[in-house]
DNA sequence: CGTTTATGGATACTGATACTATCCATCAAG
DNA sequence: CTTGATGGATAGTATCAGTATCCATAAACG
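Protein chains in written order, with my numbering: chain V, 103 to 312; chain Z, 103 to 312.
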């Protein structure tokens, strides 16, 4: 398969494929002569994965590269690979909310984690996001979600259990890693879309025309 | 309060505040003379909201503007305001997956909606995202989430119900709109962070060191 | 065999986004 | 009365994700 056919097969423009090759997201094709390379099914698959992460999950190109490298080498422990996927989904910027809102949120989160017996590193990026979000909600006078945090956690734990279930049936370590990482990232998009759909339905029933 | 104090109170740099004023995200302060304006608590609150949407939920500046305008005028029906918030959370770009994967995903989603009795417009943005995501997962050989879609929907419906519950206790129409819109957007960040935390915990217990 | 057309590789350019920086004529505070 | 903000306008910057252009070579067609 030549680059033009790869482009046709995936719908990705040739210059974009060249860009991904340059950036190291996509491995080079096999060269038969200095300006002739052939690509295979692995390239089609990889390209689809790249597009899904970029288009659906809004993962930056540089992060996609990191994730793919980590999946390719498999030198890292699985738990670290997951951490990499998590960083792809966590906003890096910190929010400065009022000191007391943050303090209250921190306590609440610590209690939640303790009550559920979760094993979470104190510097997990999602921890910071959770605290910041709770603090922001409270500061903005929206304490509905804040006061129902435990109920949210119930539902989310259910989802997380489902995801683990759907992933542990993978036989090899490589397949497991791939499933976890892809599932973590695209799962977020899936859940978000489902939630919006459910909300839209409820909103339509409740407030249509109000 | 002058702009410097507003900056101190929120941690947002003065040039950035000026930028938000220019872009119409933040209403102008009250002018006492051609180069002297004073800002109040409403500005502090608004600025915090802007930052939360941008930093935590990754909403683009232009979309934040739209959302705030819609909340300010309250001329739209509530259901349309929610639609606006939904568009802020939905990727606009479409993915081209294989025809049969899309067809299968479309059928599956239609069945899901029918089975649950959801009221969803056929052109809802989340619908497209959901179909694309399912198609991508299947194409990538990750059918775990695809086959468990109904279980996911169970858990998500539970979350959506919680959110409605936490929001209907608002007395006025304006407060309701604000709660729904902010809750929809920041709720997404909250749920995402909770999910990652739950995953990290499970992953730590299951695969630490593997 | 000759002429389009496509390709690999390198380099340069573009458009969007979210700020930053500079300027200047006030205005306010010490 | 000098020093330091401020409002408003305009210009500049950094990053990101591609696009575009060139060129020497190779393949496909007639």
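No residue lacks a Cβ here, since even glycine has one placed at the ideal position from N, Cα and C.
Residue-level contact to chain V via CB, residue 177/Z, 7 Å cutoff: Residue mapping note: residue 177/Z aligns to position 75 of the second chain, counting from 1. Closer than 7 Å: no.
Rounded separation between residue 293/V and residue 157/V - CA only: Numbered from 1 along the first chain, position 191 holds the residue referred to as residue 293/V. Numbered from 1 along the first chain, position 55 holds the residue referred to as residue 157/V. Cα-Cα distance, rounded: 16 Å.
Same chain only: Cβ atoms within 8 Å of residue 167/V, ignoring 5 sequence neighbours per side: Residue mapping note: residue 167/V aligns to position 65 of the first chain, counting from 1. Same-chain partners within the cutoff: 125, 126 and 127.
Exposed unless 16 or more other CB atoms sit within 10 angstroms - verdict on residue 252/Z: Looking up residue 252/Z in the second chain gives position 150. Residue 252/Z comes out exposed.
C-beta contact flag for residue 301/V and residue 284/Z at 7 Å: For the purposes of this step, residue 301/V is identified with residue 199 of the first chain, where counting begins at 1. For the purposes of this step, residue 284/Z is identified with residue 182 of the second chain, where counting begins at 1. Not closer than 7 Å, so no.
Beta-carbon proximity of residue 269/Z to residue 311/V, cut-off 7 Å: Translated into positions along the second chain, residue 269/Z becomes position 167. Translated into positions along the first chain, residue 311/V becomes position 209. It is not a contact, given that the beta carbons lie outside the stated cut-off.
Cβ distance (whole Å) where residue 229/Z is taken to contact residue 299/V below 8 Å: As a first step, residue 229/Z is located in the second chain; it is residue number 127 there, counting from the start. As a first step, residue 299/V is located in the first chain; it is residue number 197 there, counting from the start. Confirmed, Cβ separation roughly 7 Å.
9 Å Cβ cut-off: residues of chain Z touching residue 81/V: Beyond the ends of chain V as shown, which are 103 and 312, falls residue 81/V; an answer cannot be given.
Straight-line Cα distance separating residue 237/Z from residue 143/Z: As a working mapping, residue 143/Z is identified with position 41 in the second chain. As a working mapping, residue 237/Z is identified with position 135 in the second chain. Going by the C-alpha atoms only, they are around 48 Å apart.
Segment contact, 8 Å Cβ cut-off, at least three pairs: the stretch 259–274 of chain V with the stretch 254–261 of chain Z: yes
Inter-residue spacing [alpha-carbon to alpha-carbon] between residue 281/Z and residue 272/Z: As a first step, residue 281/Z is located in the second chain; it is residue number 179 there, counting from the start. As a first step, residue 272/Z is located in the second chain; it is residue number 170 there, counting from the start. In a straight line, the C-alpha of residue 281/Z is about 8 Å away from that of residue 272/Z.
7 Å Cβ shell around residue 103/V - same chain, five flanking residues per side excluded: Taking the first chain and counting its residues from 1, the one referred to as residue 103/V is at position 1. Excluding sequence neighbours, residue 103/V sits near 140, 141 and 142.
Within chain Z, partners of residue 299/V - CB distance below 8 Å: Your numbering for residue 299/V matches position 197 in the first chain. Those are 215, 220, 222, 226, 228, 229 and 232, listed as they occur along chain Z.
Simplified DSSP assignment, three categories, for residue 271/Z: By one-based count along the second chain, residue 271/Z stands at place 169. Of the three classes helix, strand and coil, the one that applies to residue 271/Z here is coil, per DSSP.
Where residue 195/Z falls, given that 16 or more other Cβ within 10 Å makes a residue buried: In the second chain, counting from the first residue as 1, residue 195/Z sits at position 93. Under this definition residue 195/Z is an exposed residue.
Proximity test, Cβ basis, 7 Å: residue 157/Z and chain V: Position 55 of the second chain holds residue 157/Z. Yes, contact with chain V.
Heavy atom of the ligand NAD within 6 Å of residue 246/V beta-carbon: Ligands displayed in this structure: none; no statement on the ligand NAD is therefore possible.
Reduced DSSP category for residue 302/V - H, G, I as helix; E, B as strand; rest coil: Along the first chain, one-based indexing puts residue 302/V at 200. Residue 302/V: helix per DSSP, three-state reduction.
Extent of the continuous beta strand (DSSP E) to which residue 164/Z belongs: By one-based count along the second chain, residue 164/Z stands at place 62. Not the beta strand (DSSP E): residue 164/Z falls in the alpha helix (DSSP H), residues 163–175.
CB contact flag (residue 113/V, residue 198/Z, <7 Å): Sequence index remark: in the first chain, residue 113/V carries index 11 (1-based). Sequence index remark: in the second chain, residue 198/Z carries index 96 (1-based). The answer is yes: Cβ separation under 7 Å.
DSSP state of residue 133/V mapped onto helix, strand, coil: In the first chain, counting from the first residue as 1, residue 133/V sits at position 31. Strand, per DSSP.
Rounded separation between residue 134/V and residue 181/V - CA only: Counting from 1 along the first chain, the entry for residue 134/V is found at position 32. Counting from 1 along the first chain, the entry for residue 181/V is found at position 79. Answer to the nearest angstrom: the Cα atoms are 39 Å apart.
8 Å Cβ cut-off: residues of chain V touching residue 191/Z: By one-based count along the second chain, residue 191/Z stands at place 89. In chain order: 294 and 298.
Three-way DSSP call (helix, strand, coil) for residue 255/Z in this model: In the second chain, the residue the question calls residue 255/Z occupies position 153. In the structure shown, residue 255/Z sits in a helix (DSSP, three-state: H, G or I).
Any beta strand (DSSP E) of 3 or more consecutive residues that is wholly inside the stretch 177–204 of chain Z: none
Interface flag, residue 152/V vs chain Z, CB-CB below 7 Å: As a first step, residue 152/V must be located in the first chain, where it is residue number 50. With 7 Å as the cut-off, residue 152/V does not count as an interface residue toward chain Z.
Top-ranked residue by Cα proximity to residue 123/V, from 145/V, 110/V, 239/V and 154/V: Translated into the one-based positions of the first chain, residue 123/V becomes position 21. The option with the nearest alpha carbon to residue 123/V is 145/V.
Closer than 7 Å at the beta carbon, the chain V residues around residue 253/Z: The residue labelled residue 253/Z in the question sits at position 151 within the second chain. Result: 264.
Near-chain V residues of the stretch 118–145 of chain Z (beta-carbon distance less than 7 Å), N- to C-terminal order: none
Closer than 7 Å to chain Z by CB, residue 310/V: Residue numbering aside, residue 310/V sits at position 208 when the first chain is read from its first letter. For residue 310/V, the answer is yes, since a Cβ of chain Z falls inside 7 Å of its Cβ.
Supposed close pair residue 155/V, residue 304/V - CB separation, criterion 8 Å: Against the first chain, residue 155/V aligns to sequence position 53. Against the first chain, residue 304/V aligns to sequence position 202. Incorrect: roughly 30 Å between the Cβ atoms, too far for contact.
Supposed contact pair residue 240/V and residue 205/V - C-beta distance, whole angstroms, cut 8 Å: By one-based count along the first chain, residue 205/V stands at place 103. By one-based count along the first chain, residue 240/V stands at place 138. Actually they are not in contact, since the Cβ atoms of residue 205/V and residue 240/V sit about 11 Å apart, beyond 8 Å.
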